[in-house]
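Just so it is clear: in the sequence shown, position 101 is 105 by our numbering, and no numbers are missing. Ideal placement from N, C-alpha and C gives every residue a C-beta, glycine not left out. This report refers to the structure that appears directly beneath it.
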Amino acid sequence: MTIYQLKITLKHIRPPIWRSIQVAGDTKLGKLHDILQIVMGWEDGHLHQFVTGNASYGIPDPDFPDNLRSERNVRLDKIAGQGDSLSYEYDFGDGWEHTIKVEKVLAPEKDRHYPVCLDGKRACPPEDCGGPWGYQHLLEVLTNPQDEEHEEMLEWCGEDFDPEAFALVEINKMLRRLR
5 MTIYQLKITL KHIRPPIWRS IQVAGDTKLG KLHDILQIVM GWEDGHLHQF VTGNASYGIP
65 DPDFPDNLRS ERNVRLDKIA GQGDSLSYEY DFGDGWEHTI KVEKVLAPEK DRHYPVCLDG
125 KRACPPEDCG GPWGYQHLLE VLTNPQDEEH EEMLEWCGED FDPEAFALVE INKMLRRLR
């Protein structure tokens, strides 16, 4: 078994929101989707796809014949190697695009359970906030108590929302339950 060290970066967001994780190379893309939902902090309420080269993988829908291949039996190590990148798109309406970079291919460490999140920065944007540009607007409103939308946005995303938060221990607890 090989271990893939991946860096996932949410595109079009500054400062960056990213995660560093390790997964088994033979992880199927459907399972990788579940892992990404946990480490990024998404709620899995929208469609998604992986894109690499000329191929797209996800959950095919017979009502939308768009050459989307099933992610169910496609292994990560069959479509990417060290140094390669692929895209993960989540919520086609909001347009959250992630770059997944294979940073390293490693031997498994004894007594380490996979998948595991190693590090990351910043909280995931709230679902349905309008994509990267809507999120930037949300952050601007939240930092300006004088803004006419401030109270409404604060109530919508919750007073405990901290865009700088990153809960590594909590993420790894959820990943252990996923196994």
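Taking all protein chains shown into account, do 16 or more other C-beta atoms lie within 10 angstroms of the C-beta of residue i, making it buried, or fewer, making it exposed?
i: Val120; result: buried
i: Gln53; result: buried
i: Arg181; result: exposed
i: Thr160; result: The sequence shown places Trp at residue 160, rather than the Thr named in the question. Classification of Trp160: exposed, given that the 10 Å Cβ count is below 16.
i: Thr31; result: buried
i: Pro136; result: buried
i: Lys114; result: exposed
i: His117; result: exposed
i: Glu155; result: exposed
i: Arg18; result: exposed
i: Pro129; result: buried
i: Met44; result: buried
i: His16; result: exposed
i: Ile63; result: exposed
Check whether the Cβ atoms of residue i and residue j sit closer than 7 angstroms, and answer yes or no.
i: Leu179; j: Ile42; result: yes
i: Ala169; j: Ala127; result: yes
i: Gly104; j: Leu122; result: First, the amino acid is wrong: residue 104 is Ile here, not Gly. Contact flag unset, no.
i: Arg76; j: Gly34; result: yes
i: Leu143; j: Cys133; result: no
i: Leu80; j: Gly29; result: yes
Closest to residue i by C-alpha separation, out of the options, would be which residue?
i: Thr147; options: Asp132, Pro167 and Asn77; result: Pro167
i: Arg7; options: Asn176, Gly85 and Val27; result: Going by the sequence as given, residue 7 is Ile instead of Arg. Ile7 has its Cα closest to that of Val27, out of Asn176, Gly85 and Val27.
i: Gly85; options: Gly62, Arg73 and Gly57; result: Gly57
i: Ile83; options: Leu36, Leu142 and Ile175; result: Leu36
i: Ser24; options: Lys125, Glu153, Tyr94 and Asp164; result: Lys125
i: Ile12; options: Gln150, Tyr94 and Leu158; result: Tyr94
I want to check one thing, is the minimum distance from the CB of residue i to the heavy atoms of the ligand ATP below 6 angstroms?
i: Lys114; result: Absence of the ligand ATP is noted for the structure shown, with no ligands found whatsoever.
Residues bridged to residue i by DSSP?
i: Ile63; result: BP columns for Ile63 are empty, so no partner.
i: Glu93; result: Gln53 and Glu101
The segment 102–121 in contact with the segment 64–75 per 3-pair CB rule at 8 angstroms: In this structure the segment 102–121 does not lie against the segment 64–75, because fewer than three pairs of beta carbons, one per stretch, are closer than 8 angstroms.
Touching by the beta-carbon criterion (3+ pairs, under 8 angstroms), the segment 41–57 and the segment 85–102: Touching, yes, given that three or more Cβ pairs across the two stretches are closer than 8 angstroms.
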